[in-house]
Each structure stands twice: as C-alpha cells, then as structure tokens.
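S.K.: Got a structure for you, questions after.
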Amino acid sequence: MSSSFDDRAATWDDDPRKVERARDAAASIRSAVPLSSDTRLLEYGAGTGLLAEELVADVGPITLAEPSAGMRDVLTAKVEDDRLPGATIWDLDLARDPVPDARFDLIASLMTLHHIPDLAAALGGLHRLLADDGVLCIIDLEEDVDRSFHSEDFDGHHGFDRDRLTSDLHAAGFVGVAFEPCHTITRDTGTYGVFFASARRQPDADAPGSTA
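Using the working numbering, you'd call the opening residue of the sequence shown number 153 and step up by one each time.
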C-alpha cells in the first residue's frame with residue numbers, strides 16, 4: 153500500500169476534493185472536541201498532513217504518523233516551510249510496529265483505517281497512545297455494499313458498518329462511541345458517504361480490574 157501512496161504523494165494536494173474533505177473533517181472535529189493550545193494531536197495515517205494543516209491553529213504539539221516514504225517527504229517539506237511548524241513525523245504502522253511511548257489528547261484518522269487489514273491491532277495501538285479521557289476521531293468510509301469504491305484486488309475494508317465498528321472500538325477499550333455524517337465523495341462509480349466517529353479512552357483504562 154505504501155508504494156502506491158509514494159507514487160501519488162507529490163500531487164496529492166493538487167486535488168481540491170481532498171482539500172475539501174480535510175476541511176469537512178476538521179470542522180467535525182472542532183464541533184465534537186474542545187481544542188486548545190495544550191491539545192496534543194496525533195494524525196495517524198497523515199498522508200500529506202491536510203487535516204493537520206486545517207487544525208494547526210487550534211491545537212498544540214502535532215505528531216504525524218505515516219508509513220509512506222513519499223508522503224513523509226511532503227510532510228517534511230511542510231514542516232520546513234512552516235505550514236506544519238514544529239510537527240514531529242513518525243514512520244509508523246501500528247499493525248506492524250511497536251506502540252511508541254507517547255500519549256496524546258486527540259488522535260485523528262482521515263480515510264486511513266479502511267486500508268488496514270488488521271483493524272484490531274490498529275485500534276489497540278491507538279487506544280494505548282491516548283491519554284486518559286483522550287478522544288479518537290475517525291473519518292472514514294461508510295460501508296460500501298457494492299464494493300465499487302476500490303478496485304477488485306483491494307485488500308482492506310470496503311468501508312465500515314457502524315455497528316460492527318462500534319463493537320471493534322469497544323473491544324479495543326474505547327467508550328462513548330458516537331457517529332455522524334461528515335462528507336460525501338462523488339465518483340463515476342457512485343456516491344459514497346464518509347462518517348465522523350468519536351470515541352474516548354476511559355481514565356485508568358489499563359489499570360488492573362478495569363472494565364473499559
């Protein structure tokens with residue numbers, strides 16, 4: 153998957169539809185989560201950092217996790233030209249790599265999780281990266297019943313059924329799961345809904361005897 157995104161990284165931001173999608177995602181986050189200069193943000197599967205750019209004035213320290221080398225090159229350029237001032241860049245795939253020893257108040261993921269076959273590993277890692285009462289915001293595809301959004305050989309998830317994703321989030325330890333519409337993608341193959349989901353890490357979720 154990373155090599156495909158490597159090839160598209162340099163021109164990714166040229167598509168105004170991707171910019172609009174990031175703006176809609178940021179608006180949903182602002183409506184659902186209190187943000188301040190103290191908010192530690194991790195964007196997981198950051199791509200070129202379009203979502204983080206929309207939130208840069210609303211939050212504090214930013215970390216950008218992205219397994220594609222081509223995308224990380226674009227992120228590095230944005231850090232250097234102060235579009236993402238002071239941001240930290242990680243080469244991180246939670247389905248493959250150890251969970252870093254860090255904590256965040258907000259983790260956001262835009263159109264990333266449906267690309268990850270091992271969703272349980274990713275959600276478990278994201279839960280561990282959240283501070284107590286931290287919030288995970290997922291912006292991703294509604295269930296694509298006819299599987300037309302991606303090619304036939306796509307090995308990820310064809311969108312998400314909300315009830316099933318809620319169960320997966322609960323299994324990873326999250327509480328307070330909520331969904332709302334966020335964005336619509338229109339292609340020659342059809343129209344596809346994009347949802348906004350939020351979930352919280354319960355305090356002391358890793359403590360012995362926790363029921364989170």
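The C-beta atom is built at its ideal place from N, Cα and C for all residues, glycine as well.
All values derive from a computational prediction rather than experimental measurement.
(1) May I ask you to report which of helix, strand or coil DSSP gives Asp243?
(2) According to DSSP, which residues form a beta bridge with Ser350?
(3) Considering Cα atoms alone, identify which of Ala274, Ala204 and Val329 is closest to Thr240.
(4) According to the neighbour-count rule (16 or more other Cβ atoms, all chains shown, within 10 Å of its Cβ), is Ser220 buried or exposed?
(5) Please tell me whether Val263 and Val346 are closer than 9 angstroms, where the distance is taken between their beta carbons.
(6) Kindly indicate which three-state DSSP category Arg365 falls into: helix, strand or coil?
(7) Per DSSP, Thr336 is paired with what?
(8) Please work out which residues of its chain come closer than 8 angstroms, Cβ to Cβ, to Pro360, disregarding the five sequence neighbours upstream and downstream, and give them in chain order.
M.R.: Taking the definition as stated:
(1) coil
(2) Cys289 and Ala330
(3) Ala204
(4) buried
(5) Here residue 263 is Met; the residue named in the question, Val, does not match the sequence. In this structure, Val346 lies closer than 9 angstroms to Met263 by Cβ.
(6) Past the edges of the chain, shown from 153 to 364, lies residue 365, and the structure says nothing about it.
(7) Gly345
(8) Only weak support exists for where Pro360 lies, its pLDDT of 37 falling under 50; the value from the coordinates is given anyway. Counting only Cβ-Cβ distances below 8 angstroms, and skipping sequence neighbours, we find nothing.
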